[in-house]
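Residue numbers (my numbering): 1000 to 1277.
All residues carry an ideal CB built from backbone N, CA and C; glycine is no exception.
Remember, it's a predicted structure, so these values are computed and weren't measured experimentally.
For reference, the structure discussed in these notes is given below.
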């Protein structure tokens, strides 16, 4: 049996599946708030995993977390200063999960696995070169080549790219469009913001970010995931994006993610199966 998990800045998702499955059974998925405390978070994941396994032993487990990983991929560096994950920084996440679940655990960035899931099972299926950006609590992303996370030196952080907002200030894309920063700026949740002018500005900044990402990664298709995308017009973003790339004859298509909250779990499933095949 395989353990799959996705630890986001707001929610944690845990699932179990057999190694023969290519689809995740929604009855074998549990979603709950990510704990601010590392020890509680690990305990929750372990308890839910064992409950879903129903007495079956795990062969292997893997999943993503919404932060920069340390060099050994055993824990996180809370580079984005996410308040939810502050207590998780520097803690032995992989070791604690392996002790609790008695199996080998593989850790990746959550956006990387979300992109892998969409590339193999979702909106990027049948395309060999995918750029994936997720706009949720923060902004993450990944480049996928031929159904695998592209080789990299320290991960992918498209949300950290700097955009010039005026003559004196450059701000990261994440701080301009990420859910946590929207809440800090407006003192309300994104779902309560009804002003179209506000969302048009978010669309504009996202189009700029996608323009830069396309130039650096040269993908066939850009897939957009995360909760904030639900408040945006994909058509408007694509129009602005295409204007910015007017001189390029071949422009990447922009598509919305199709796997919803399960994209990271599907990415973990493919990642673990790929490990078993090598």
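- Query: Under three-state DSSP, which class holds residue 1019?
  - Reply: coil
- So is residue 1172 buried or exposed if we call it buried at 16+ other beta carbons inside 10 Å? Classification for residue 1172: buried.
- Whose C-beta lies closer than 7 Å to the C-beta of residue 1036 among residues of the same chain, with five residues either side of it excluded? 1086
- Query: Cα-Cα, which of 1236, 1176, 1267 and 1129 is closest to residue 1226?
  - Reply: Looking only at 1236, 1176, 1267 and 1129, the smallest Cα-Cα distance to residue 1226 is reached by 1176.
- Message: Which residue wins for smallest C-alpha separation from residue 1195, given the options 1232, 1220 and 1214?
- Response: For the residues 1232, 1220 and 1214, the minimum Cα distance to residue 1195 belongs to 1232.
- Per DSSP, which one or two residues make a beta bridge with residue 1012? Answer is 1005 and 1030.
- Item | Helix, strand or coil at residue 1149 according to DSSP, with G and I counted as helix | coil
- Message: Going by C-alpha to C-alpha distance, which of 1058, 1009 and 1017 sits closest to residue 1040?
- Response: 1009
- Is the distance from the Cβ of residue 1261 to the Cβ of residue 1016 below 9 Å? no
- Message: Which of the three DSSP states is assigned to residue 1239 in this structure?
- Response: helix
- Consider the Cβ of residue 1119: report whether some Cβ of chain C lies at a distance smaller than 9 Å. Annotation note: the requested chain C is absent from the structure, which comprises a single protein chain.
- Got a sec? Which residues, its chain only, sit under 6 Å from residue 1063 by beta carbon, not counting five neighbours each side? 1005, 1107, 1108, 1109, 1112 and 1263
- Any idea if residue 1236 is buried or exposed, counting beta-carbon neighbours within 10 angstroms, 16 or more meaning buried? Result: buried.
- Task: Kindly give me the distance between the Cβ atoms of residue 1096 and residue 1104, rounded to whole angstroms, as I take these residues to be in contact under 8 Å.
- Result: Between the beta-carbon of residue 1096 and that of residue 1104 there is about 5 Å, and that keeps the pair under the 8 Å contact cut.
- Item | residue 1185, buried or exposed, once every other Cβ within 10 Å from all chains shown has been counted against 16 | exposed
- Query: Per DSSP, residue 1178 is paired with what?
  - Reply: Answer is none; residue 1178 lacks a bridge partner.
- Name the two residues that bound the continuous alpha helix (DSSP H) containing residue 1050. 1037 to 1052
- Segments of 3+ residues assigned as beta strand (DSSP E) that fall wholly inside the segment 1092 to 1118: 1103 to 1108
- Identify, in the order they occur along the chain, each residue of the same chain with its Cβ nearer than 8 Å to the Cβ of residue 1121, setting aside the five sequence neighbours on each side. 1222, 1256, 1257, 1258, 1262 and 1265
- If I'm right that residue 1045 touches residue 1099 with Cβ under 8 Å, what's the distance once you round it to whole angstroms? The Cβ separation is near 4 Å, so the contact holds.
- Message: Below 8 Å on the Cβ atoms is my contact criterion, and I expect residue 1140 with residue 1155 to pass it. Report the Cβ-Cβ distance as a whole number of Å.
- Response: The Cβ separation is near 6 Å, so the contact holds.
- Applying the criterion that 16 or more other CB atoms from any shown protein chain within 10 Å of the CB defines a buried residue, is residue 1076 buried or exposed? Exposed, by the Cβ-count rule.
- Message: Could you check whether residue 1126 and residue 1220 sit closer than 9 Å to each other, using their CB atoms as the reference points?
- Response: Yes, the pair counts as a contact, with Cβ atoms nearer than the cut-off.
- Alpha carbon of residue 1200 to alpha carbon of residue 1208, nearest angstrom: Spanning the two alpha carbons is a distance of roughly 13 Å.
- Query: Looking at the unbroken alpha helix (DSSP H) that takes in residue 1272, where does it start and where does it end?
  - Reply: 1262 to 1275
- Query: Of all the beta strand (DSSP E) runs that stay within the bounds of the segment 1169 to 1237, which reach a length of 3 or more residues?
  - Reply: 1220 to 1224
- Item | Endpoints, the beta strand (DSSP E) within which residue 1133 is located | 1128 to 1134
- Roughly how many whole angstroms lie between the Cα atoms of residue 1180 and residue 1164? Going from the Cα of residue 1180 to the Cα of residue 1164 covers about 15 Å.
- Query: Along the chain, where does the beta strand (DSSP E) that runs through residue 1070 open and close?
  - Reply: Unbroken run through residue 1070: none, as it is neither H nor E.
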